[in-house]
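*Asks:* Residue numbers (our numbering): 1 to 133. Using N, Cα and C, we set each Cβ at its ideal position, and we do this for glycine too.
1. CB residue 56 to CB residue 62, shorter than 8 Å?
2. Using the Cβ count rule (16 or more neighbours within 10 Å means buried), how would you classify residue 42?
3. For a quick check, are the C-beta atoms of residue 30 and residue 1 less than 8 Å apart?
4. Take every Cβ of the stretch 71-81, pair it with every Cβ of the stretch 17-28, and state whether three or more of those distances are shorter than 8 Å.
5. Of the residues 101, 47, 46, 75, which one's Cα is nearest the Cα of residue 58?
6. Classify residue 99: buried if its beta carbon has 16 or more other beta carbons within 10 angstroms, exposed otherwise.
7. Given this structure, state the Cα-to-Cα distance separating residue 115 from residue 86, to the nearest angstrom.
8. Roughly how many angstroms lie between the CA atoms of residue 108 and residue 117, to the nearest whole one?
9. Mapping the DSSP letters down to three states, classify residue 60 as helix, strand or coil.
10. Beta carbon of residue 47, beta carbon of residue 83: below 8 Å?
11. Looking at the structure shown, is residue 114 part of a helix, part of a strand, or coil, going by DSSP?
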């Protein structure tokens with residue numbers, strides 16, 4: 001961590017690039033959550049989500065539960081209560097977030113499994129190079 005901080009301190013341009021990438025990632029996460037809300041019929045403003053989604057996702061890194069389960073759900077309920085939305089909508093959003101993560105992870109893992117099994121069968125170490133074939 002200290003080595004990385006030294007690199008960023010020496011290169012302001014690198015730090016700005018990392019911050020810009022982080023901002024783009026956060027915006028994408030907000031847009032995804034906006035799509036989830038629309039799919040569930042929840043009418044919430046994009047600007048509102050710009051504020052609450054990064055805060056909710058920040059709670060997931062608190063090391064009190066596995067993958068933020070329970071903490072994220074509570075954060076959704078508290079944040080939605082703050083904007084006058086019912087707990088049912090908040091929990092629906094929370095379940096949608098975790099369900100889509102697992103569904104996409106399962107799908108991508110399933111697509112990668114044959115390549116991993118083939119590499120193992122041939123006795124090759126599984127590397128990024130072997131996955132890119």
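*Replies:* The structure says:
1. Residue numbering aside, residue 56 sits at position 56 when the chain shown is read from its first letter. Residue numbering aside, residue 62 sits at position 62 when the chain shown is read from its first letter. No, the pair does not count as a contact, with Cβ atoms beyond the cut-off.
2. Taking the first residue of the chain shown as position 1, residue 42 is located at position 42. With 16 or more other Cβ atoms within 10 Å, it is buried.
3. Counted from its first residue, the chain shown places residue 30 at position 30. Counted from its first residue, the chain shown places residue 1 at position 1. No, the Cβ-Cβ distance between residue 30 and residue 1 is not below 8 Å.
4. no
5. Here residue 58 refers to the residue found at position 58 when the chain shown is read from its first residue. Of the listed residues, the one whose Cα sits closest to residue 58 is 75.
6. Within the chain shown, residue 99 is the residue found at index 99, counting from 1. So residue 99 ends up on the exposed side.
7. As a working note, residue 115 is residue 115 in the chain shown. As a working note, residue 86 is residue 86 in the chain shown. Going by the C-alpha atoms only, they are around 45 Å apart.
8. The sequence position of residue 108 within the chain shown is 108, counting from 1. The sequence position of residue 117 within the chain shown is 117, counting from 1. Their backbone Cα atoms lie some 15 Å apart in a straight line.
9. Residue 60 sits at position 60 when you count from the first residue of the chain shown. Of the three classes helix, strand and coil, the one that applies to residue 60 here is coil, per DSSP.
10. Locating residue 47 in the chain shown gives position 47, counting from the first residue. Locating residue 83 in the chain shown gives position 83, counting from the first residue. Against a cut-off of 8 Å, the Cβ pair of residue 83 and residue 47 comes out as no contact.
11. Within the chain shown, residue 114 is the residue found at index 114, counting from 1. Reduced to three states, the DSSP call for residue 114 is helix.
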